[in-house]
Amino acid sequence: MLSVLILLLLSWSFYIGYNRGVILQTFYCFGALVSLLFAHHGYKALAGKLALWVPYSNPAEGAATLFFKDINIFELDKVYYAGIAFFILSTVGYAVVRLAGVLVHLAPVDYFDGFEAKLASGLLAVMVSVLFLSMALTVLATIPMPFIQGRLHGSLLSRLLVEHCPFISSILRQLWVTAIL
4 MLSVLILLLL SWSFYIGYNR GVILQTFYCF GALVSLLFAH HGYKALAGKL ALWVPYSNPA
64 EGAATLFFKD INIFELDKVY YAGIAFFILS TVGYAVVRLA GVLVHLAPVD YFDGFEAKLA
124 SGLLAVMVSV LFLSMALTVL ATIPMPFIQG RLHGSLLSRL LVEHCPFISS ILRQLWVTAI
184 L
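Just so we're aligned, residue 4 is where the sequence shown starts under this note's numbering, counting upward by one.
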């Protein structure tokens, strides 16, 4: 069921990007990258503060994770808070970009209305959606609750987004696991 929901979100994202146009969607794509750089510079400080405000499910006896098997289950809370902080900062940064996109949308940028340009803008929108879905699912994958772990591991697309998404999975693992632990 989760895979169907992910496919629906990606299809909707393609449709929205296809209709936006390549210039506006390129602006949003670069904005997503800038928001990642913004998040990279501040997520460690925010992660320490979030530990006081955002609850984390402590692992029960015999609990195991299906995604981060090489990490001690009692250290996953650090990865969780780093992921939450990174996700919050990147979302805030992207929201600012989206607000600025309103101004770009007002400019007469309908020069590239061909099928190829619309297809490219749809694919760019899917790439941005995959980025944020991968971040959200990776944060969820750090929670040692059997229900969440089972749902995520039972979905092929969520496993692909968490473990095997090109570039994104390795970057998130580097930022949230290697740099924190």
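Cβ coordinates follow ideal geometry from the N, Cα and C atoms, glycine included.
Leu53 sits away from Thr68, with the two beta carbons spaced by 8 Å or more. Under the three-state reduction of DSSP, Thr141 is assigned to helix. Cβ neighbours of Val107 within its own chain (closer than 8 Å, five residues either side excluded): Ile26, Leu27, Phe30. Ranking Leu10, Arg162, Pro147 by CA distance to the CA of Val129 puts Leu10 first. Where Val105 is concerned, the enclosing alpha helix (DSSP H) starts and stops at 79-109. Non-local beta-carbon contacts of Lys121 in its own chain, meaning distances under 6 Å to residues more than five positions away in sequence, involve Tyr21 in chain order. Beta-carbon to beta-carbon, Val142 and Gly96 are separated by about 17 Å, too far to satisfy the 8 Å threshold.
Judged by pairs of C-beta atoms under 8 Å, the segment 43-63 touches the segment 74-94, as three or more such pairs exist. Collapsing the DSSP output to three states places Phe33 in a helix. For Leu69, the secondary structure class from DSSP, reduced to helix, strand or coil, is coil.
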